[in-house]
Amino acid sequence: MTRFDYREKTALITGASSGIGEAFAHQLAARGMHLILVARSQDKLLSLADALGREHGCRTKVLVADLSDPDQASGLADRVKSAGLQADLIINNAGFGTHGRFTRQSAAQERREVLLNALAPLEIAHAFVPGMVERGGGAIINVASSAGFQATPYMSTYGATKAFLLHLSEGLWAELEPDNIQVMAVCPGPVATNFFEASGSPTLKKALSTTPMISAERCVRESLEAFDKGRPVVVPGLSIKLMTQSGRFMPRALLTKISARMLGPKKRKTG
Ligand SMILES: NC(=O)c1ccc[n+]([C@@H]2O[C@H](COP(=O)([O-])OP(=O)(O)OC[C@H]3O[C@@H](n4cnc5c(N)ncnc54)[C@H](OP(=O)(O)O)[C@@H]3O)[C@@H](O)[C@H]2O)c1
23 MTRFDYREKT ALITGASSGI GEAFAHQLAA RGMHLILVAR SQDKLLSLAD
73 ALGREHGCRT KVLVADLSDP DQASGLADRV KSAGLQADLI INNAGFGTHG
123 RFTRQSAAQE RREVLLNALA PLEIAHAFVP GMVERGGGAI INVASSAGFQ
173 ATPYMSTYGA TKAFLLHLSE GLWAELEPDN IQVMAVCPGP VATNFFEASG
223 SPTLKKALST TPMISAERCV RESLEAFDKG RPVVVPGLSI KLMTQSGRFM
273 PRALLTKISA RMLGPKKRKT G
């Protein structure tokens, strides 16, 4: 497979209005790409598009969409085509996490979590991959999470969506290689973004405070370095890389218990 050449190609980034998606927009524009920016917040996308045009001279297109609606996710390909564009690289990044006791979670919110984190990347892949095959190549980077490597009690639904995305990505990495389509999953640990506020959980950041947090810029830089090497999966950040590797040698039940202690309610110290 020929390595992906960024120059003068177009990337579509979901969840481009903040955090990791915004960092992808800056670093891909710096590599010579034009951008299609997707999220719900039109104002943020328009001001990002403006800044990227000024800094990098790239062309940008803003598409406002709620990707927890499967029709809006699958409809992105038609909107891109109608705009006279094509997406050579897709960054499936939009997502959020719920945290807390399962019985206290809203079923509607967890349904949206599954639709956005897992179903939208699948719909988007189905909508865009046939065009990539016809054109003789393309690429997809799916932003999963280190939460996809093992069960994550108190974030069970989130971890399950990321496990789905990780496995989908690895499968497609091998399956689409003959079509010259490069696929990679990004599996970060904690990254300093709006993710913790968006979770609606006041305790999530604290629960993860023993794991070093990296910047969105570093997360994306290390991801693109791995992508350039054709890797199927990248875990940006050394500490979380070591943590995910050590977890592979533990019995699954033990790993799940450790995960529950990290993410679950903390017992009050007495005395
Ligand atoms: N930060 C971390 O610690 C961490 C760790 C591992 C994995 N991740 C993953 O990284 C990805 C990006 O998250 P982030 O950390 O950059 O958090 P973030 O700053 O909260 O960004 C989330 C992005 O997703 C977009 N989004 C949310 N709901 C959407 C919807 N219904 N339709 C379309 N777009 C939507 C948001 O834009 P709008 O609100 O404008 O729609 C925003 O651009 C997520 O998939 C997350 O699971 C994050």
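Take 23 as the starting number for the sequence shown in my numbering and just add one per residue.
All residues carry an ideal CB built from backbone N, CA and C; glycine is no exception.
Computed from a prediction, not measured in an experiment: that's the story for all the values here.
Assignment of beta-bridge partners to Val208 by DSSP yields Val165, Val256. Taking C-alpha positions only, Ala52 is separated from Thr36 by approximately 18 Å. In this structure, Gly106 keeps its C-beta atom at 8 Å or more from the C-beta atom of Phe217.
Gly159 carries a coil assignment under DSSP once its states are collapsed to helix, strand and coil. Segment contact: the segment 209-227 against the segment 163-173, three or more CB-CB distances shorter than 8 Å; contact assigned. Of the other Cβ atoms in all chains shown, 16 or more fall within 10 Å of the Cβ of Leu194; this residue is therefore buried.
Within the DSSP bridge table, the entry for Leu111 names Ala33, Ala161 as partners.
At the C-beta level, His56 and Arg81 come within 8 Å of one another. DSSP, read as helix, strand or coil, puts Lys103 in helix. Not one heavy atom of ligand 1 is found less than 7 Å from the C-beta of Ile163. If you check the CB distance, Thr232 and Phe171 do not come in under 8 Å. In the structure shown, Thr24 falls within a coil segment according to DSSP collapsed to helix, strand and coil.
With contacts defined by Cβ atoms closer than 8 Å, Leu74 and Ala116 do not form a contacting pair. Look at the beta carbons and you see the segment 130-142 touching the segment 183-191: at least three pairs across the two are nearer than 8 Å.
Residue ranges of uninterrupted alpha helix (DSSP H) with 4 or more members, entirely inside the segment 51-136 and ordered along the chain, are 64-78, 92-96, 98-104, 129-136. Taking 7 Å as the cut-off, one finds at least one heavy atom of ligand 1 near enough to the beta carbon of Ile42. CA-CA distance, Ser237 to Val213, rounds to 6 Å. Across the structure, Val256 and Asp201 are spaced so that their CA atoms are roughly 22 Å apart.
Rounded to the nearest whole angstrom, the C-alpha separation of Ala129 and Asp65 is 30 Å. In this structure, the beta-carbon distance from Ala95 to Ile58 does not fall below 8 Å. Going by DSSP, Tyr180 is part of the alpha helix (DSSP H) stretching over 178-197. Residue burial annotation: Ser69 is exposed, with fewer than 16 other C-beta atoms found within 10 angstroms of its C-beta. Looking at Ala33, Ser63, Ala99, Glu132, the one whose alpha-carbon comes closest to that of Ser221 is Glu132. Going by C-alpha positions, Pro224 is about 43 Å away from Gly153. Checking the DSSP bridge columns, you'll see Ile203 partnered with Gly160.
In this chain, the alpha helix (DSSP H) harbouring Ser245 covers 238-250. Annotation: the continuous alpha helix (DSSP H) that includes Phe218 extends over 217-220. Taking 8 Å as the upper bound for CB-CB distance, Glu135 and Tyr180 are in contact here, some 6 Å apart.
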